[in-house]
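Chemist:
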Amino acid sequence: MALLEVTGLQVKFDTPEGEVQAVNDLDFSVKHGESLAIVGESGAGKSQAVMAIMGLLAKNGSATGKAKFKGQDLMQMSRKELNNIRGCEIAMIFQDPMTSLNPFLTIEKQMVEVITYHQGLRRGEARAHAVEMLRAVRIPAPEERIKQYPHEFSGGMRQRVMIAMGLLCEPSLLIADEPTTALDVTVQAQITHLVGEMRQKSNMALILITHDLAVVAEVCDRVLVMYAGQVVETGSVEDIFYRPQHPYTQGLLDSVPRMDRPADDELHSIPGNPPNMMDLGSGCHFRDRCSKAMDVCKDDPPLQVAQDGRLSRCFIAIENAGMDNSERVASGTDSAEDSTETAE
Amino acid sequence: MRQEGILQHSASRLLGLIPTLLVLITIAFFMIRLAPGGPFDSEKILPPEIKANLEAKYHLDEPLVKQYFRYLGQIITLDFGPSFQYKDWTVNELIARGFPVSLTIGGLAIVLAFFLGTLIGIVAAMRQNTAVDYSLMGVAMLGISIPNFVVAPLLILLVAVYAGWLPAGGWDWSVQRMVLPVVTLALPAIAYIARLTRGSMIEVLNSNYIRTARAKGLPEHLVIRRHALKPALLPVISFMGPATAGLITGSVVIERIYSIPGLGSYFVQGALNRDYTLVMGVVIFYGVIIILLNFIVDILYAWMNPRIRYNEAQ
Amino acid sequence: MNSSIDLQVEDPFAAAMIEVDVRGRSLWVDAWHRLLKNRAAVISGIIMATMLLLVLVGPALSPWEGDFTDWDNTSAPPSLETGHWFGTDSVGRDILVRTLEGGRISLLVGLVATLVSLVIGVSYGAIAGYYGGFTDRIMMRMVDIVYALPFMFFVILLMVVFGRHIVLIFVAIGAVNWLDMARIVRGQTLSLKNTEFVEAARACGVDHHAIIRRHIIPNLLGVVMVYVTLTIPQVILVESFLSFLGLGVQEPMSSWGALVNDGAQDMESAPWTLVFPAAFLTVTLYCFNYIGDGMRDALDPKDRL
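Residue numbers (my numbering), protein chains in the order written: chain W, 333 to 676; chain D, 44 to 357; chain B, 7 to 311.
1. Within the segment 271-337 of chain D, note down every full alpha helix (DSSP H) run reaching 4 residues or more, in order along the chain.
2. Hey, could you find the ends of the beta strand (DSSP E) Asn705(W) is sitting in?
3. Return the residue from the list Leu185(B), Ala276(B), Ala285(B) that minimises the CA-CA distance to Thr237(B).
4. Report all residues from its chain with a CB closer than 7 Å to the CB of Trp346(D); omit the five preceding and five following residues, and keep chain order.
5. Counting along the chain, where does the beta strand (DSSP E) carrying Ile370(W) start and finish?
6. On the DSSP letters alone, give me the boundaries of the beta strand (DSSP E) that Asp346(W) sits inside.
7. Looking at chain D, is there any beta carbon in it that lies within less than 8 Å of the beta carbon of Thr518(W)?
8. How is Met231(B) classed by DSSP in three states: helix, strand or coil?
9. Output needed in chain order: residues of the segment 269-298 of chain B with a Cβ under 7 Å from some Cβ in chain D.
10. Since Glu565(W) is in the beta strand (DSSP E), which residue starts that stretch and which ends it?
11. Checking contacts by CB at 8 Å: is Ser112(B) closer than that to chain D?
12. Please list, in chain order, the chain B residues whose beta carbon lies closer than 9 Å to that of Ile153(D).
13. List the residues that DSSP assigns as beta-bridge partners of Ala134(B).
14. Check whether the Cβ atoms of Ala286(D) and Ile153(D) sit closer than 8 Å, and answer yes or no.
15. Which residues, in chain order, does the segment 154-174 of chain B contribute to contact with chain D at a C-beta distance below 9 Å?
16. Residues in the segment 143-171 of chain D with C-beta within 7 Å of chain B's C-beta atoms, listed in sequence order?
17. Residues in its own chain within less than 7 Å of Ser126(D) by CB, not counting five upstream and five downstream?
18. In the DSSP assignment, what are the bridge partners of Pro125(D)?
19. Mapping DSSP to helix, strand and coil, what is Ala508(W)?
20. Between Phe140(B) and chain D, is there a C-beta pair that is closer than 8 Å?
21. Output the distance between the C-alpha atoms of His214(B) and Ala207(B), rounded to the nearest integer angstrom.
22. Who are the near neighbours of Asp509(W) in its chain, counting only those whose CB is closer than 6 Å to its CB and skipping five residues on each side?
23. Could you tell me whether the Cβ atoms of Ile187(D) and Asn295(B) are closer together than 8 Å?
24. Runs of 3 residues minimum, wholly inside the segment 396-484 of chain W: which ones carry the beta strand (DSSP E) assignment?
25. Return no unless some Cβ of chain D is closer than 8 Å to the Cβ of Val352(W).
26. Chain W partners of Pro278(D), CB-CB under 9 Å?
27. Would you say Leu196(B) reaches chain D, if we count a Cβ-Cβ gap shorter than 8 Å as a contact?
28. Can you tell me which residues form a DSSP beta bridge with Thr542(W)?
29. Beta strand (DSSP E) containing Leu556(W): first to last residue?
30. Measure the CB-CB distance between Lys398(W) and Thr339(W) and report whether it falls below 8 Å.
31. Between Leu155(D) and Ala229(D), how many whole angstroms is the CB-CB distance? I'm expecting something under 8 Å.
32. Is any beta-carbon of chain D found at less than 8 Å from that of Val527(W)?
33. Examine chain D for any beta-carbon lying closer than 8 Å to the beta-carbon of Phe176(B), and answer yes or no.
34. Taking C-beta pairs closer than 8 Å, name the residues in chain D that Leu251(B) reaches, listed in chain order.
35. Check the Cβ of Leu305(B) against every Cβ in chain D and list those closer than 8 Å, keeping chain order.
36. Can you check the segment 212-236 of chain D for any beta strand (DSSP E) of at least 3 residues that lies completely inside it and give the ranges in chain order?
Now the structure itself:
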């Protein structure tokens, strides 16, 4: 059984300029202990999808769909029920560690409140546990540093604090929303290692949102590629990296330097801009930027099982996979799960 | 380390007050002295020798610069000299008489304004863009827009004259006579603080660290109380300095309308009668209070905000 | 400043999308559209335009002169029959005409004194911000000092000492109201002068005055306009405060503040002498505040959500 199973997720934003369709009919699932990467350009709806699941959308945003966590639908929960899960069963770390900690409270207060609220421990015990967790994320002299304010920590150290804070209640799922984007390159690798290490130690599931494909290769089992609020392709890391089916995935891979390519190989960027999310229209949303676009792309491509049993939202990929698969229109996560199992 | 920082910060700020005070005294002194007409012009014409005697007594016959330094020396010992108008009183005595009354009204008004204003602001922010928010803010805008001296007569007319619930004016230290002046004085401050609190609370509630607090699963009342309240109140704290200055100014009108024998009444009387020493005394006295309050507010702000590092400041 | 809309942190995505759409529209057109969507500001604008028209042509259309004393109708309540729609005061003067004429003075003081503070504040702030360094420190230290003074007391002192002439009211209020403007303009200038286009101008050898005049001031316009709209009601308030104390405009001239003062004297027997001028004053201040708020939101939509 999947740990988290998202079906038909729609996220909309009501802006003065009109309605923005940020996430459009998104399906995905994460199993116990599995590590899923969600990749895509900024604006593809990656962050907003998980914000919606966590009930953290901005006031002008609204979401519909299902997000079953251990069989219970997060989207249908009352605020109180959701609060019993947030920070306890599902923890989240954010993109910008500089602003994600409250500058007016000491690290101790911010960590201890998680434990006292969710587990009902007393302050002293909670504090000891918090210190222990800070030591686990390798913050030096945690007994001293826990008394300090966030501004006394560097960016990398603050992200370590955020990770420690997320892991306090031993969650079964950690959502990391671009945890290294705002950090120095040297620190990025450390934080990535730390996330991977902590995951393995506690055997929790991980959703890593990123546009850094190198991170994906290191930490994740499975990849979900998003474009214009939709899944365009999912599969194992191996499949996506070495045998991408969707032209957009290919474009993404061509735009980053890789060790397994000749050094003089040129880097390519995907031409054009992401589509206007206020007026998406029909057909493949990528077709204007796609070098392989055909007439048929004016129709909506289904998310279908393509070659190797992976899911891909492209007519070319479906064609390559042969006719025998075409009746298996992926309408739910069942087939997605099947396909990943066959891929692994 | 932080405590030390705050002490250093306080000391340097305290030193910075001295030029401000000097400028205050200097401007007030020369403005009054350069004015046409003297304190003894308005009364029945005095024989020249008596007038000369009087002027000699108050050192008005000396060169202006000498008078200025004499006055400065006097001020340092906190002696504002005798009043020209109220012959048997010193300015110190007049201040001692009027100020407790003004302080009572002003103090009650500022306390009322702070608590009611922040409360309204927080409620409006939590109900942002709903009917509650719009109506509270509409009323707050009205509170800012209606001048004190319009509210006061209207309140007297409605509450005192027509309804007869409260006395229309006068002063005897009873609660009944305090209600209307305090409410009138507090209204604009309540309105302003409510708007300020709403704005900063909305900004704070949209910040990343509040999102973190929510992601931790804290219930909303804890998110507000523990995480949002302090940062949202910081702008209100720094507004308390100017707010007090505004209340002091407002009290001049309020005291007049409600016939309250406070310091503001003395000031207006003194200003109309060219009572140099009294006017100077009140301006300096109130100036010092405003400056000191700004100083206290500044320290309070720094104390509440761990991000300010004083050691780097100067 | 670009034309993108600065949405909240949670919503970087929507911001990125909207940027695509509005690119090409200028900041001003954009701001104008946002202002028109603000119902409170638009209604306030219409009311103020009507008010201005009334105040300017109203007295000429009325059968009464402002200083005419109708001895048959002293302290007469509002009535259509006597022709005194807003009633009369204790010496039989028509309240409607006096309110409209008082409005001329109040609005005039509001505009002129704001202009005075605008000129002083913008020049002072732009110079301090543009030259920066030592000049800036000295100039801003002076502003800090003056800022800490009890300003209303000085205006009262000015009025007492130098007589209660209307020109002096403009100067007195304007001269003490420029501090905020100077601070705001200085802050903006400091950030502007490091932008590429100013550096480009400097590299081309354009001299200081031309840079201030041609590059800094036009770019300050948005902030300054918002601030002017918010200063006008403040100034009107100060003038009426002075007039209420008897320190402002003198008879036979009148302003809303002076009329409220007169009305407050007779309010028990003739409440209309208080209510009408007070209503005009309040509505004006209310509308100006809403217009100012709307302009701030339109030009700086940060706290709009």
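From the three backbone atoms N, C-alpha and C, an ideal C-beta is built for every residue, glycine too.
Modeler: With the structure as the only source:
1. 272-300, 306-315
2. As displayed, chain W neither begins before 333 nor continues past 676, which places residue 705(W) out of reach and without an answer.
3. Leu185(B)
4. Ile49
5. 367-371
6. 334-347
7. no
8. helix
9. Ala270, Met273, Glu274, Pro277, Leu280, Ala284, Leu287, Thr288, Leu291, Tyr292, Asn295, Tyr296
10. 562-568
11. no
12. The premise fails here: Ile153(D) is roughly 16 Å from chain B at the closest Cβ pair, so nothing lies under 9 Å.
13. Partner(s): none; Ala134(B) has no beta bridge.
14. yes
15. Ala154, Leu155, Pro156, Phe157, Met158, Phe159, Phe160, Ile162, Leu163, Leu164, Met165, Val166, Val167, Phe168, Gly169
16. none
17. Trp132, Thr133, Val134, Leu137, Asp318, Thr320, Leu321
18. Thr133(D)
19. strand
20. no
21. 10 Å
22. Ser379, Phe426, Gln427, Ile541
23. yes
24. 422-425
25. no
26. What Pro278(D) touches in chain W: nothing, since even the nearest Cβ is about 14 Å away.
27. no
28. Val371(W)
29. 554-559
30. yes
31. 4 Å
32. no
33. no
34. Val295, Val296, Arg299, Val311
35. Within 8 Å Cβ-Cβ: nothing; Leu305(B) doesn't reach chain D, min ~16 Å.
36. none
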